[in-house]
């Protein structure tokens, strides 16, 4: 075995062991440094805990962290909702931030198939290059009873959420396609609504049923507005007659304060 192969195998072994406790080895990118975000020790401590459980960017996570602090400080009523949770990283960040604020009575709703990505339609292509990579990826990852794309079992997500120490009874796990579970199980009101199911039909359904529950001055976060055409189309159509400011957080993410 060459020295290079030995080092690579060693890295993989160490990364595997660290992943069991929620950490990973990653090359530091100086271009990723942000003087505000990286110099916030409270956030960076939380981000280190949840980073391996989410695919969202650091700046998106910081936006969510600040949004949680904002709705609590502004006394905006409602629970927290995420549609499309993967391993639960964003909801873990919500729970950890609430703990820092000594808030333990808010419900956190986690909607997901817990069987991987649902099937995309012809509308769900890449915003960047108009390619059909969504369909290609979905077909490639499809198994008999689940899809490997963004797959995490509900049992694993529950374990991740419970590891935060936030009251377990305040986590509401809703399994299935949102088109089938919403509005059967929904909160009375919402303070932060985070949408991350990527496709047109699911995003359209979520906005129709959940946005009316978002409190005035509450926060709507759309993860894939700049990534998948279906999500973008659903958002643009929904707000066509009632325009809102889609604040750009990063390439994919947009944030709305409900007026």
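In my numbering, the protein residues as written are 27 to 285. The C-beta atom is built at its ideal place from N, Cα and C for all residues, glycine as well.
Is the number of C-beta pairs between the region 232 to 247 and the region 118 to 131 that are closer than 8 Å three or more? Per the Cβ contact rule, the region 232 to 247 is not in contact with the region 118 to 131 (fewer than 3 Cβ pairs under 8 Å).
Inspect the beta-carbon positions of residue 234 and residue 139 and report whether they are closer than 9 Å. Translated into positions along the chain shown, residue 234 becomes position 208. Translated into positions along the chain shown, residue 139 becomes position 113. Not in contact: residue 234 and residue 139 (Cβ atoms no closer than 9 Å).
Does any CB atom of chain D fall closer than 9 Å to the CB of residue 149? Absent from the structure is chain D; it holds one protein chain and no more.
Does DSSP put residue 163 in a helix, a strand or coil? Counting from one through the chain shown, the residue named residue 163 turns up at place 137. Three-state result, residue 163: helix.
Report the three-state DSSP secondary structure of residue 186 (helix, strand or coil). Counting from one through the chain shown, the residue named residue 186 turns up at place 160. It is helical.
For residue 193, which residues of its own chain have a beta-carbon under 7 Å away from its beta-carbon, when the five flanking residues on both sides are left out? As a first step, residue 193 is located in the chain shown; it is residue number 167 there, counting from the start. The beta carbon of residue 193 sits closer than 7 Å to those of 130, all from its chain and outside the five residues before and after it, given in chain order.
What residue ranges within the region 181 to 252 form continuous beta strand (DSSP E) runs of no fewer than 3 residues, ordered along the chain? DSSP runs (the beta strand (DSSP E)) wholly in the region 181 to 252: 197 to 201, 216 to 221 and 240 to 248.
Along the beta strand (DSSP E) that carries residue 282, what are the first and last residues, could you check? Position 256 of the chain shown, counted from the start, is the residue given in the question as residue 282. Looking at the DSSP string, the run of the beta strand (DSSP E) that includes residue 282 is 280 to 283.
Beta-bridge pairing of residue 111 - partner residues as DSSP gives them: Working through the chain shown from its first residue, we reach residue 111 at position 85. BP columns for residue 111 are empty, so no partner.
Would you kindly work out how many angstroms separate the C-alpha atoms of residue 184 and residue 115, rounded to a whole number? In the chain shown, residue 184 corresponds to position 158, counting from 1. In the chain shown, residue 115 corresponds to position 89, counting from 1. Taking the straight line from one Cα to the other gives about 11 Å.
Rounded to whole angstroms, what's the CA-CA distance from residue 108 to residue 205? Just pull it up for me. On the chain shown, position 82 is the one that residue 108 refers to. On the chain shown, position 179 is the one that residue 205 refers to. Those two C-alpha atoms are separated by around 14 Å.
Since residue 64 is in the beta strand (DSSP E), which residue starts that stretch and which ends it? The residue you call residue 64 lines up with position 38 of the chain shown. Residue 64 -> no beta strand (DSSP E), and no H or E assigned at all.
Please report the distance separating the alpha-carbon of residue 269 from that of residue 144. In the chain shown, counting from the first residue as 1, residue 269 sits at position 243. In the chain shown, counting from the first residue as 1, residue 144 sits at position 118. Approximately 29 Å, taken between the alpha carbons.
Report the partner residues of residue 275 according to the DSSP bridge assignment. Within the chain shown, the letter at position 249 stands for residue 275. Among the bridge pairs identified by DSSP, residue 275 is matched with none.
So the alpha helix (DSSP H) residue 88 belongs to, where does it begin and stop? If you number the chain shown from 1, residue 88 lands on position 62. Judged by DSSP secondary structure, residue 88 falls within the alpha helix (DSSP H) whose first and last residues are 84 to 99.
First and last residue of the uninterrupted alpha helix (DSSP H) at residue 262: Here residue 262 refers to the residue found at position 236 when the chain shown is read from its first residue. For residue 262, the enclosing alpha helix (DSSP H) covers residues 255 to 264.
Count the other CB atoms within 10 Å of the CB of residue 262; is the residue buried (16 or more) or exposed (fewer)? One-based indexing of the chain shown puts residue 262 at position 236. Residue 262 is exposed by the Cβ-count criterion.
Where DSSP assigns a beta bridge to residue 135, which residues make up the other side? Mapped onto the chain shown, residue 135 falls at position 109. Note: residue 135 sits in a beta bridge opposite 107 and 198.
Residues of its chain near residue 251, where Cβ-Cβ distance is below 8 Å and the 5 sequence neighbours each way are ignored: Numbered from its first residue, the chain shown carries residue 251 at position 225. Counting only Cβ-Cβ distances below 8 Å, and skipping sequence neighbours, we find 257, 258, 261, 272, 278, 279 and 280.
Give me, in chain order, the residues of the same chain whose beta-carbon lies closer than 6 Å to that of residue 228; leave out the 5 immediate sequence neighbours on both sides. Taking the chain shown and counting its residues from 1, the one referred to as residue 228 is at position 202. 204.
I believe residue 254 touches residue 147 by the beta-carbon criterion, under 8 Å. Please report the beta-carbon distance rounded to the nearest angstrom. Within the chain shown, numbered from 1, the residue matching residue 254 stands at position 228. Within the chain shown, numbered from 1, the residue matching residue 147 stands at position 121. Under the criterion of beta carbons closer than 8 Å, residue 254 and residue 147 do not qualify as touching, at roughly 11 Å.
Where does residue 80 land, buried or exposed, given buried means 16+ other C-beta within 10 angstroms? Along the chain shown, one-based indexing puts residue 80 at 54. Residue 80 comes out buried.
Look up residue 152 in the DSSP assignment and give the residues it is bridged to. Position 126 of the chain shown, counted from the first residue, corresponds to residue 152. According to the DSSP secondary-structure assignment, residue 152 is paired through a beta bridge with 254.
Residue 65 Cβ short of 8 Å to the ligand PLP heavy atom set: With respect to the ligand PLP, the structure offers nothing, as it holds no ligand at all.
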